[in-house]
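Visitor: Protein chains in written order, with this note's numbering: chain A, 265 to 501; chain B, 265 to 501. Even for Gly, the Cβ is constructed at its ideal location relative to N, Cα and C. Just dropping this structure here.
This is how it looks when you write it as structure tokens:
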């Protein structure tokens with residue numbers, strides 16, 4: 265029987281690449297997504313489509329981070345546009361959700377325990393996101409030790425290994441890896457600020473997430489369609 | 265200005281004792297409770313009453329652990345009765361929610377970050393709950409290091425200190441400490457399996473939580489009313 269891996273799947277390009285990387289490494293992927301009060305459902309719709317596309321089980325866990333506050337992604341703070349906030353990658357951006365990866369990895373560890381999964385994949389990346397404290401390798405290393413102590417499977421010596429296949433990848437490296445793995449990139453969604461256009465949501469093409477994504481594909485020298493670069497428009501429900 | 269502390273408040277005797285301990289230590293307490301799909305609202309009602317009683321801000325964060333499964337407290341597994349599961353304290357009981365304290369401490373860390381709190385109080389106890397891996401001191405120590413790396417305040421050298429004032433207390437010690445601090449013990453709720461009696465919920469007096477609580481008060485030599493021993497009945501909403 266194949267070993268199972270829990271994949272944190274936001275619906276973006278990075279986590280989608282992890283989903284395909286886990287399959288390539290021989291795991292049966294179980295995707296987990298979080299309905300955490302993000303302003304838009306577009307991410308979750310993309311996650312659902314991606315999991316379906318690869319035939320993976322998919323759990324959506326509701327966790328209301330709005331009750332905690334502190335981020336432009338869950339509150340009324342304005343989402344930065346035009347790349348101004350990208351100029352200093354070491355500064356913590358307003359789109360930072362306090363200790364989000366700590367919370368999400370904790371929930372993924374719970375699922376790994378109930379599913380007896382031997383791995384957790386998370387698409388963090390410390391090249392472009394050095395401003396997020398919980399994207400750095402020292403955090404992941406500390407988390408793995410903590411999760412082993414927190415869990416029944418960990419105490420029994422079967423703690424899940426945490427894989428961060430994109431840790432040292434540039435956006436261009438990730439774009440290339442996604443294409444190599446056959447990720448259906450048009451099905452992914454990165455935009456922080458979806459625009460409503462008649463009966464569809466379309467990516468804004470201006471927020472940091474859109475800009476980084478385009479830069480990645482360009483730097484990789486990939487010639488892609490607009491839908492592949494920014495993600496396909498989504499029908500309104 | 266007083267320093268703030270985030271208190272994980274389940275509504276039970278242990279967390280209520282932590283709430284009062286934090287106040288005694290000079291902190292302004294901010295209580296956080298979790299609506300995690302527990303079978304009954306009685307715990308949350310008790311937490312609300314306790315926070316109100318001490319004049320503390322209270323946040324209830326919804327996190328749907330039912331989507332993860334694996335525990336009698338959130339699924340249809342039967343709650344053990346009659347103390348049989350207490351005979352081997354080192355075994356992991358069916359009421360164990362996978363890595364619950366890891367998840368709850370992660371969410372408390374997020375709140376500590378947005379509130380700039382300098383402490384987190386959690387009422388874990390490794391005397392009576394040695395079967396729960398995430399109640400042990402080695403877990404708390406590892407978590408504190410991880411939380412410091414995961415958070416903005418941690419990276420700035422202001423990680424919250426995690427206080428576990430009941431870590432080495434027996435149930436009798438906790439009962440004595442609760443009375444010394446003036447905790448309104450009848451307002452707390454411990455029962456895993458509330459019984460509906462006309463228009464009220466009453467404690468079952470038979471589940472592990474009820475039995476441990478009674479044993480604690482008895483071992484402490486405290487003569488209390490039935491409502492103090494098991495918690496007051498709650499009106500149905």
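Would residue 402(A) be called buried (16 or more neighbouring beta carbons within 10 Å of its own) or exposed?
Guide: By the 10 Å Cβ count, residue 402(A) comes out exposed.
Visitor: Counting only beta-carbon atoms, is residue 272(A) nearer than 8 Å to chain B?
Guide: Chain B, which has no Cβ nearer than 8 Å to the Cβ of residue 272(A), makes this no.
Visitor: Quick check: is the beta carbon of residue 495(A) nearer than 8 Å to any beta carbon in chain B?
Guide: No - not a single Cβ of chain B is within 8 Å of the one on residue 495(A).
Visitor: Closer than 8 Å, Cβ to any Cβ of chain A: which residues of the region 408 to 425 of chain B, in chain order?
Guide: The region 408 to 425 of chain B vs chain A, Cβ under 8 Å: 409, 410, 411, 413, 414, 415, 416, 418, 419.
Visitor: Please name the residue, chosen from 387(A), 369(A), 395(A), that lies closest to residue 327(A) on a Cα-to-Cα basis.
Guide: For the residues 387(A), 369(A), 395(A), the minimum Cα distance to residue 327(A) belongs to 369(A).
Visitor: Excluding five sequence neighbours on each side, which residues of the same chain lie with their C-beta closer than 7 Å to the C-beta of residue 448(B)?
Guide: Answer for residue 448(B): 317, listed in chain order.
Visitor: What in chain A is Cβ-close to residue 370(B), meaning under 9 Å?
Guide: Those are 363, 366, 367, 368, 369, 370, 371, listed as they occur along chain A.
Visitor: I need the straight-line Cα distance from residue 387(A) to residue 324(A), nearest angstrom please.
Guide: Looking at the two C-alpha atoms, the distance is approximately 17 Å.
Visitor: Taking residue 281(B) as the reference, give the member of 427(B), 417(B), 372(B) with the closest Cα.
Guide: Looking at the Cα atoms, 427(B) is the closest of the given residues.
Visitor: Is residue 454(B) buried or exposed, if buried means 16 or more other CB atoms sit within 10 Å of its CB?
Guide: With 16 or more other Cβ atoms within 10 Å, it is buried.
Visitor: Measuring straight from C-alpha to C-alpha, what distance separates residue 425(A) and residue 465(B)?
Guide: Computed Cα separation, rounded: 44 Å.
Visitor: Would you identify the three-state DSSP class for residue 467(B), choosing helix, strand or coil?
Guide: In this structure, residue 467(B) counts as coil in the three-state DSSP scheme.
Visitor: Nearest-angstrom Cα distance between residue 461(B) and residue 365(B)?
Guide: Computed Cα separation, rounded: 32 Å.
Visitor: Are there 16 or more other CB atoms within 10 angstroms of the CB of residue 389(B), so buried, or fewer, so exposed?
Guide: Buried, since its Cβ has 16 or more Cβ neighbours within 10 Å.
Visitor: In terms of residue numbering, what span does the beta strand (DSSP E) encompassing residue 299(B) cover?
Guide: Segment 292 to 299, the beta strand (DSSP E) holding residue 299(B).
Visitor: Output yes if chain A places a C-beta closer than 8 Å to the C-beta of residue 352(B); else output no.
Guide: Its pLDDT being 45, under 50, residue 352(B) is placed unreliably in this model, and the value from its coordinates should be taken loosely. Closer than 8 Å: no.
Visitor: Answer with yes or no whether the minimum CB distance from residue 464(A) to chain B is below 8 Å.
Guide: No, its Cβ sits nowhere closer than 8 Å to a Cβ of chain B.
Visitor: On the premise that residue 385(A) lies in contact with residue 272(A), defined as a C-beta separation below 8 Å, what is that separation, rounded to the nearest angstrom?
Guide: At roughly 7 Å, the Cβ-Cβ gap stays under 8 Å, so residue 272(A) and residue 385(A) are in contact.
Visitor: Any idea what DSSP makes of residue 380(B), helix, strand or coil?
Guide: Residue state, collapsed to three classes: coil.
Visitor: Answer with yes or no whether the minimum CB distance from residue 323(A) to chain B is below 8 Å.
Guide: At least one chain B Cβ lies under 8 Å of residue 323(A).
Visitor: Please state whether DSSP places residue 323(A) in a helix, a strand or coil.
Guide: In the structure shown, residue 323(A) sits in a strand (DSSP, three-state: E or B).
Visitor: Does the CB of residue 472(B) have a neighbour CB from chain A at under 8 Å?
Guide: Not closer than 8 Å to any Cβ of chain A, the Cβ of residue 472(B) fails to qualify, so no.
Visitor: Could you work out which residue in 416(B), 493(B), 400(B), 415(B) is closest to residue 439(B) when comparing CA atoms only?
Guide: Minimum Cα distance to residue 439(B) is reached at 493(B).
Visitor: Whole angstroms are fine: how far does the CA of residue 311(B) sit from the CA of residue 299(B)?
Guide: C-alpha separation (whole angstroms): 11 Å.
Visitor: Would you mind listing the beta strand (DSSP E) stretches within the region 396 to 463 of chain B that are 3+ residues and don't spill past its ends, in chain order?
Guide: Runs found: 425 to 427, 459 to 461.
Visitor: Under a three-way DSSP split, which group does residue 283(B) fall into?
Guide: Helix, per DSSP.
Visitor: Mark residue 279(B) as exposed unless 16 or more other C-beta atoms lie within 10 angstroms of its C-beta, in which case mark it buried.
Guide: Looking at its Cβ environment, which holds 16 or more other Cβ atoms inside 10 Å, residue 279(B) is buried.
Visitor: Taking the straight line between their C-alpha atoms, what separation do you get for residue 400(B) and residue 490(B)?
Guide: Their backbone Cα atoms lie some 31 Å apart in a straight line.
Visitor: Give the DSSP-derived three-state secondary structure of residue 386(B) in the structure shown.
Guide: Coil at residue 386(B), not helix or strand.
Visitor: If you measure between the beta carbons of residue 362(B) and residue 413(A), is that distance less than 8 Å?
Guide: No, the pair does not count as a contact, with Cβ atoms beyond the cut-off.
Visitor: Any heavy atom of the ligand ATP closer than 7 Å to the Cβ of residue 496(B)?
Guide: This structure does not include the ligand ATP; it has no bound ligands of any sort.
Visitor: Around the C-beta of residue 501(B), are 16 or more other C-beta atoms found within 10 angstroms, so that it is buried, or is it exposed?
Guide: Exposed: under 16 other Cβ atoms inside 10 Å.
Visitor: At which residues does the beta strand (DSSP E) containing residue 272(B) begin and terminate?
Guide: Unbroken beta strand (DSSP E) run through residue 272(B): 268 to 272.
Visitor: Taking any Cβ of chain A, which residues in the region 292 to 324 of chain B have a Cβ under 8 Å from it, in chain order?
Guide: Listed in sequence order: 323, 324.
Visitor: Would you mind telling me which residues of chain A sit closer than 7 Å to residue 378(B), beta carbon to beta carbon, in chain order?
Guide: Within 7 Å Cβ-Cβ: 332, 333, 334, 362.
Visitor: Give the DSSP-derived three-state secondary structure of residue 498(A) in the structure shown.
Guide: Note: residue 498(A) maps to strand in three-state DSSP.
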